[in-house]
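Here the structure is laid out as structure tokens; the discussion comes afterwards.
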Amino acid sequence: MDDNKSAALICTCGKQLQLKYDFLETQVSKMNLASSVAVHDFVCQEEGLAKIAELLKANDGHLVIAACSSQKIQPRIDQYLKSHDTDSTQIQYVNIREHSAWVHEDIDQASKKSADMIRGTLARSAKAVKRSLEQKSIPAHVTVIGGGIAGIESALNLSNFGYKVSLLEITEELGGHVRSLPVVAPTGKSGKEILNDRLEAIRNNKAITIKTKVRVKFVSGEQGNFSIHYLSDDDEEKTLNTSAIVLATGFKEFKPILMDEYHYGKNPDVITQFELSCMLSEGKLARPSDGAPIKEIVMVQCVGSRSEDYKKDCSKLCCTFAIDNSLELLERIPDATVRIVYMDIRVPFENEMIYKESREKGVDYIRGRVSMTWEHEGKTYVRVYDSLLDKYLEIPVDLLVLSSAILPADGILELSETLGYAVEDDGYVKELYGKLRRNETRRRGVVAVGGITRPQFVFEAITDAQAGTLMIHNELQGGTIQAIARGAVLNVDDCVGCSLCAQQCPRGVPLMIEQTEAEEADEEQKILFKAAIDTLNCHACGVCQSLCPSGATQLNFLSNDQLWSEIAAVLEDAGPENPITLCFYCEECSVSTIDIVGTRRMEYPANTRLIPVPCAGRVSIIDILKAFEHGASTVMIAACEKDRCHIGGNGNEIAQVQVDVARDILNAIGWKGNRVGMFRMFSAEPERFTKAVNEMVTRAKDLGPTPVHDGTAGKWREVSE
Amino acid sequence: MSQATPEKVIAPKRQRMLDMILTLSGLKEESTIPISRVKDELENLKKELAPLTDAILAFPDSYFEKFLEAVKKSNITAEINDRGILKESISSLEQALSIVESVSLKALNKILTDTLSRMTEIEEHKDVSVDIDMTSTMSTISDLISEIESITDEFEKAAETEAESARSELVTLAESLEETKGKVEKDPDSALDDLQKLGSQTRYGPGLRSIAQVKRGKREGRIDDARFNKLVKENLLTEINRGVILFILSKMGSKTVVQIGELMQTPSQIIQDALVTMIQRGEVEMVGLDGDAPVFSRVLTETQNSTLLMKRIVQQVRGMVKSVEGETADTMNEALGRLQAILERLKILGAYNEALLSDSINKLRETVDSVTEALLTAQTSEDADNLKLLISAGLEAFARFRLKITLEKGPTLVSGTNVYGEKLDPEVYKTMMDTYLDNELERGTILILIRELGALTVHDLAERTNIPSDRILRHLLRMKRDELLTIAGESHGYLLYDVPRTLSESEITMQTTSGLALQLSEAKGELQRILSDLKASDIGKLANALEVFSKARDKLTSVRVQGAVIDESTLSDVEDKIRSAVLLTYRTRAKIPSTRPKVTIEDLLDIDVPSVLDEYRSQMGYAPLLGFGTIEWEQSRCLGCKSCEIACPEHAIELKRRIEIPKLFEISDKALSQLPSNRLLFYKTVQNLATQKPSNEIILEKESPGFGTVEVDLWLCVACRICVRRCPGPEGGALELELKWSLPEVVKHITSTS
């Protein structure tokens, strides 16, 4: 592609930046790829924005803005240009404030660095292409799997947003666990009361189709075109086409049959907390074994929870439920004795109130554990160790209630095989990103809400369902998806069908399509594949581009040529006297951290050059080696922390592989492997970045000139020939 | 490439394969003895057998004499009700009589044939007259038929117009084909290219594949020039003809051989030859007759429902015709004729707009149903029974069909995949099921007829069902293979087929005895022939013949006529003699060397494994492996993509965490230039940066997509070639499979582990 000249617009940030603007202006105006240079005091203000629009028009959209962090300025510029109907997709940003002026004492060096980075960005801009609005229509239909409170709430919300909804429930009735709760904290209402309005609304809603007694077998397709294969109540396999899926299969209560100390499953008077809830809801309060009245109740907390053998962590709900139920018991049987054997009472939020109330009403809290349960002459006894009194108590009970652990519903692993979401070690569905993308799963178009992601109170499940609905609405946009496609674009002709992209894409976007027709004519009887990528489904991390052996898949805003020419241009003046550390940083965690380094004016050496990439996974081994070829002394990648991939997968792991292999190869070919390094950071850890960058600059100095500087690179040919 | 490590436990699959090698290559060897000893041994045997043979040879005659008496006395033939058994016994006896003379067997045969003819006479029987007025119904039927006929006319007109438009396309095809034919002699290579182009125009898969195979064979030097020319001239040209034929059949409707020949301007003989294979491949089927010439059609992915319905109606009416008489029969026969004609025309049409037809055809079905019902309730004649049979056959077939669909693997093959990742096309599945239903209907009819009427021949069945006899034969053979039917003898040169039956004691007696009579006659002939001039190579046959005597004798001791064993004294008398004769023969055989050559491990070097496999397959009917192979991996073409590992059904191939980096510096410029762009750039950049050529390979700490070394575990590889086919590397991929396996390696392995 021909190189386009771009206008350069350099901002002085209200004449506040310590940079030599005259020098910058003359340097940049000498650059081949700059069509014009303008220095402006307030690019982010009205007049600056107008200047941008003017420059865009004059340069066919090719513009480099050297100003503050694009994280701050870009949204503003985009908004302005959008309202003025001007395309902003080709603008390239270079941060001369947080990444240069604010972090280097020496004004000459800071100016030099800024000039180099502007040159690099001009090169990137030269090959930028316009990205246009793309559109696709999909059925405005969502399927909710699970008819508990989260599922019901999702269905109602989705239908409010204008989607047709199929609500699939495995049992005969909607409502899930909530149906059997005598009282729902902190409302004081019963589960039935909470459900009734919703159930009525759902029955009267023509947009919602309820299917009960169905079991989902597997799912195929992708967002906008999922097929759900399920068994209907007469065991017939059916399919359902849908655009997105809400996973709301809820939780199941742990049945402590294997814990001998409780005699659960052997003694009918030993029940779980949820079984007590059911008993209370049904209204029949009597000893299950013989129907005798209930007077003595012992509840045991943390049965299975916080236990290495069963559920390692706290189940969060059980304390509140136990207190709720004990208050309910006391109300129905005023002369009953309720004892709660606990390890720690954990009642979050306003539930603390009912804890206080229960204390006042006489619920007896015993800190300790139950060591055994036995039956004697038709009566059940428990032995409790009270750790505060250091005493063993033997208590006759009419009812022993076990607050057992809350586990994810069955079938989650099986479904994950085709639904593609990740599952945590404890069996819950893994969220895409714990902090920022809670309800999304790794698979685009699949959200998980309610108890399937973690134990949740009823109100949390409802909030979750509402959030999930918004997530889906954000994706489906009511059935007409309109977006400026920003992501990987596949050139099918170049695709060799190696499937590396499909294997490694964090979101499973590339699909491998078998080329049956070409196979028919193939002389070698090859099994031929081509990838297919829906750019509108892509999250634009660039992992596929990094791995593609043929350059068939490339990000439409950062092609290989763009990055390679930027590397070359940035490093134009690099050499033995001017040892440069090149840093690729991701625009997720690293950019925030590096920006914070800037705002906090944390000093680091100025012989560093920074190149942004959407995700560290975009950096391929070729990019690293190219940097050395063009004279970099050391190369580093700044990336997100392990297991904290914002795309929900392995972006930074792919980067790590590139760095590791590059190190091994450098060592093998007569270089020093530690000229390349990988550094990870959370989004606000400025020290980690400065430490890393200092380390790499020191290495550059210590290791001295590279073979490229010495002219020994490529010498092996002469030796062998 | 990995070397097999001797401490590995041998997999059962591989063990079977090694056993196979041992057996076939004769590694299990007996020691040799000199020729003179062989002669002595044979002489000894002859001498020892002499006193025994007379008694042995005489025992069948004596037994059957006594048996005949017993049969006459007890009249057990009267207890035989199954005609199949009778026919079978008669056929065995006739065969036996053709080998040896025997008065008693002849007499026995006479008794049986008499019984049979008496049985058949009984069934020549009464006529039952029926008289139902059906004039009005018949006229309705006739009206409906006229309606359908006129619609079919419309269909044919529409099809004709479509064919017209395909004609010009065909002309160009035929012209370029003609041109290519001219080239074949002079320049087969470019002719082949032309053929390939033609092939892709007609989109004939098998043709394209064989062209590709020949090309590949030529390039790899497996096919010499002479053979190549011959293949291009004969086989591939025929393949292209097939493509054109299929083009004609699918675009221009069903045609006879002569019609196709005219359209292609090719002699009909060539068309005929090409068609035979296409029928075998299931691409073309015969759908009717035009005069005497068969009309062919492309096998449609789906038969129109109306055609199926029409077929049912025709079958039903055919059944009805036999149950009516007089004028009704005439009108009904006429209707049947017209319906059959329509059915033929619909079949030839193949695809048509069903909606136009559905009304009248549904009405017709209802009317015919009501007539059938009337006939069924009104009659009790045998013909009505036949009609009932036909209808219940249909029902049975439908029921079985549904059951099969729900039970069998079909649906899972469509939705899932088998172990080699193959998936069944739902369309193909549908076709399979349609033909399956068709076949099941006919098979059901045949089975029920045989079950009710006793063993029948193809001829009988064709007469009763009006299904063409070749189809019947196919069904019979299929059902025989499925063990639904057995061969129950012969009648007028036709084989009799029967269902396996539970037999009465008399029937078993007659069946066993006559069967043994045949075996004994054969064995007797064989024994006499061998003993007249005993040779070393006949020793096995001698043993076999004696074994037949021994087994037949044992069986005869269990045959009882009215509770008594026949000729017990002779049987027990001859027992010892037969046994010692058998033992003597075996002992001698053990002293004579086998004819197998002695094989050493070194000889195994020259064993051509594929041919060994073929031999094994032809002997055993299966092969334990797809093949043996040695897989070579070429680093310079590998993209490290792991596709081979993912595709391998046996987990035999793996991308190891190792980069053989020294080899990266030895890749030729030409090989480099074939690589995908980024891969090329990667290697080039590494080479540009290097100050020295690396000497050690790189061991990677963890799995690294895009990097690694491919290793094949030959102990697991079944040489299915899937990895080779899947490899996306340049120039046909990084993997190459040679269907040759180092046998000494294998043998070393066996001897070290077993």
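Taken in order, these protein sequences are the chains called Y and S.
Residue numbers for the first sequence follow my numbering, so the first one is 17 and each next one is one higher.
Residue numbers for the second sequence follow my numbering, so the first one is 332 and each next one is one higher.
We put the beta carbon where it would ideally sit given N, CA and C, even for glycine.
Residues of its chain near residue i, where Cβ-Cβ distance is below 6 Å and the 5 sequence neighbours each way are ignored
i	result
Asp-462(S)	Low per-residue confidence applies at Asp-462(S): pLDDT is 41, beneath 50, and the placement is therefore not dependable, though the value from the model is reported in the following sentence. For Asp-462(S), where only same-chain residues beyond five positions count, there are no Cβ hits under 6 Å.
Asp-340(Y)	Val-199, Ala-201
Ala-671(Y)	Ala-632, Gly-633, Val-635, Ile-653, Ala-655
Val-80(Y)	Ser-22, Ala-24, Gln-108, Thr-137, Leu-138, Ser-141
Pro-1025(S)	Ile-992, Pro-993
Supposed contact pair residue j and residue i - C-beta distance, whole angstroms, cut 8 Å
i	j	result
Val-588(S)	Ala-624(S)	7 Å
Ile-161(Y)	Ile-261(Y)	6 Å
Leu-594(S)	Leu-501(S)	6 Å
Leu-641(Y)	Val-1017(S)	7 Å
Val-739(Y)	Ile-313(Y)	There is no way to answer for residue 739(Y), as the model of chain Y reaches only from 17 to 737.
Ala-131(Y)	Val-44(Y)	7 Å
Lys-855(S)	Pro-382(S)	In fact, because the Cβ distance is near 18 Å, the residues do not count as touching under 8 Å.
Thr-551(Y)	Ala-518(Y)	Between Ala-518(Y) and Thr-551(Y) the Cβ distance is about 15 Å, and since that is not below 8 Å, they are no contact.
Own chain, CB closer than 7 Å to residue i, minus 5 neighbours either side, in chain order
i	result
Ala-983(S)	Val-1043, Asp-1044, Leu-1047, Cys-1048
Gly-739(Y)	The structure shown does not extend to residue 739(Y), since chain Y is modelled only from 17 through 737, so no value can be given for it.
Arg-1010(S)	Leu-970
Tyr-246(Y)	Leu-184, Val-230, Arg-231, Val-232, Lys-233, Lys-254, Leu-256
Residue-chain proximity (residue i, chain C), Cβ-Cβ < 8 Å
i	result
Val-1017(S)	Going by chain labels, chain C is absent from the structure shown, which instead holds the protein chains Y and S.
Other residues of its chain near residue i: CB distance less than 8 Å, five sequence neighbours each side excluded
i	result
Glu-487(S)	Arg-676, Leu-680
Gln-531(Y)	Gly-513, Leu-544, Phe-545, Lys-546
Arg-362(Y)	Cys-330, Lys-332, Cys-335
Leu-387(Y)	Here residue 387(Y) is Ser; the residue named in the question, Leu, does not match the sequence. For Ser-387(Y), where only same-chain residues beyond five positions count, the Cβ hits under 8 Å are Glu-277, Arg-399, Val-400, Tyr-401, Tyr-408.
Residue i beta carbon near the ligand HEM (any heavy atom closer than 7 Å)
i	result
Asp-306(Y)	No copy of the ligand HEM appears in this structure; indeed no ligand is present at all.
Quiz item: Should the segment 607-614 of chain Y be regarded as contacting the segment 554-565 of chain Y, the criterion being three or more beta carbon pairs within less than 8 Å?
Solution: no
Quiz item: Just checking, does the segment 457-468 of chain Y make contact with the segment 439-449 of chain Y on the three C-beta pairs under 8 Å criterion?
Solution: yes
Quiz item: Is the segment 134-142 of chain Y touching the segment 23-42 of chain Y, taking contact as three or more C-beta pairs under 8 Å?
Solution: yes
Exercise. Could you pull out every unbroken alpha helix (DSSP H) segment of at least 4 residues lying fully inside the segment 129-180 of chain Y, listed in chain order?
Key: 165-176
Quiz item: Within the chosen definition, does the segment 234-244 of chain Y reach the segment 396-412 of chain Y through at least 3 CB pairs nearer than 8 Å?
Solution: no
Exercise. Would you list, in chain order, the members of the segment 1034-1059 of chain S that have their beta-carbon closer than 9 Å to a beta-carbon of chain Y?
Key: Residues passing the 9 Å Cβ filter: Glu-1034, Ser-1035, Pro-1036, Gly-1037, Phe-1038, Arg-1052, Ile-1053, Val-1055, Arg-1056, Arg-1057, Cys-1058, Pro-1059.
Quiz prompt | Stretch pair the segment 403-421 of chain S + the segment 817-826 of chain S: three plus CB contacts closer than 8 Å | solution = yes
Quiz item: When you check each C-beta in the segment 703-728 of chain Y against every C-beta of chain S, which residues fall closer than 8 Å?
Solution: Pro-723, Val-724, Thr-728
Exercise. Report the residue ranges of all beta strand (DSSP E) runs contained in full by the segment 636-723 of chain Y; include only those spanning at least 3 residues, in chain order.
Key: 650-655, 692-696
Self-check item: Given 8 Å, three or more beta-carbon pairs between the segment 381-397 of chain Y and the segment 353-367 of chain Y
Solution: yes
Self-check item: Where the segment 526-538 of chain S meets chain Y: residues whose CB sits under 7 Å from a CB there
Solution: Ser-531, Gly-536
Exercise. Would you mind listing the beta strand (DSSP E) stretches within the segment 602-665 of chain S that are 3+ residues and don't spill past its ends, in chain order?
Key: Within the segment 602-665 of chain S, the complete beta strand (DSSP E) runs of at least 3 residues are 615-621, 624-629.
Practice problem: Could you say if the segment 800-810 of chain S and the segment 422-434 of chain S meet the contact criterion of at least three C-beta pairs nearer than 8 Å? | Solution: These segments do not touch.
Practice problem: Please confirm if the segment 227-241 of chain Y is in contact with the segment 419-433 of chain Y, defined as three or more CB-CB distances below 8 Å between the two stretches. | Solution: yes
Quiz item: If you measure beta-carbon to beta-carbon, which residues of the segment 680-691 of chain Y are closer than 9 Å to chain S?
Solution: Asp-680, Ile-681, Leu-682, Asn-683, Ala-684, Ile-685, Gly-686, Trp-687
Self-check item: Where the segment 626-650 of chain Y meets chain S: residues whose CB sits under 8 Å from a CB there
Solution: Ser-636, Ile-637, Ile-638, Leu-641, Lys-642, Phe-644, Glu-645
Quiz item: Between the segment 507-534 of chain Y and chain S, which residues of the former have CB atoms less than 8 Å from a CB of the latter, in chain order?
Solution: Asp-510, Val-512, Gly-513, Cys-514, Ser-515, Leu-516, Gln-519, Gln-520
Quiz item: Using Cβ-Cβ distances below 7 Å, what residues of the segment 479-502 of chain S are close to chain Y?
Solution: none
Exercise. Check each residue of the segment 991-1022 of chain S: if its Cβ is closer than 8 Å to any Cβ of chain Y, include it; give the result in chain order.
Key: Those residues of the segment 991-1022 of chain S that come within reach of chain Y (Cβ to Cβ, closer than 8 Å) are Ile-992, Phe-996, Leu-1006, Pro-1007, Ser-1008, Asn-1009, Arg-1010, Leu-1012, Phe-1013, Thr-1016, Val-1017, Gln-1018, Asn-1019, Leu-1020, Ala-1021, Thr-1022.
Quiz prompt | Interface residues of the segment 955-987 of chain S facing chain Y [CB-CB below 9 Å] | solution = Leu-970, Gly-971, Cys-972, Lys-973, Ser-974, Ile-977, Ala-978
Quiz item: Does the segment 587-600 of chain Y come close enough to the segment 516-529 of chain Y to have 3 or more Cβ pairs within less than 8 Å?
Solution: no
Quiz prompt | the segment 890-901 of chain S / the segment 838-850 of chain S touching (three or more Cβ pairs under 8 Å) | solution = yes
Practice problem: Could you name each continuous beta strand (DSSP E) segment of 3 residues or more that falls completely within the segment 399-459 of chain Y, going from the start of the chain to the end? | Solution: Every unbroken stretch of the beta strand (DSSP E) spanning 3 or more residues and falling wholly within the segment 399-459 of chain Y is given here in chain order: 407-413, 415-420, 422-424.
Quiz item: Got a sec: which bits of the segment 409-427 of chain S sit with their beta carbon under 7 Å from any beta carbon on chain Y, in order along the chain?
Solution: none
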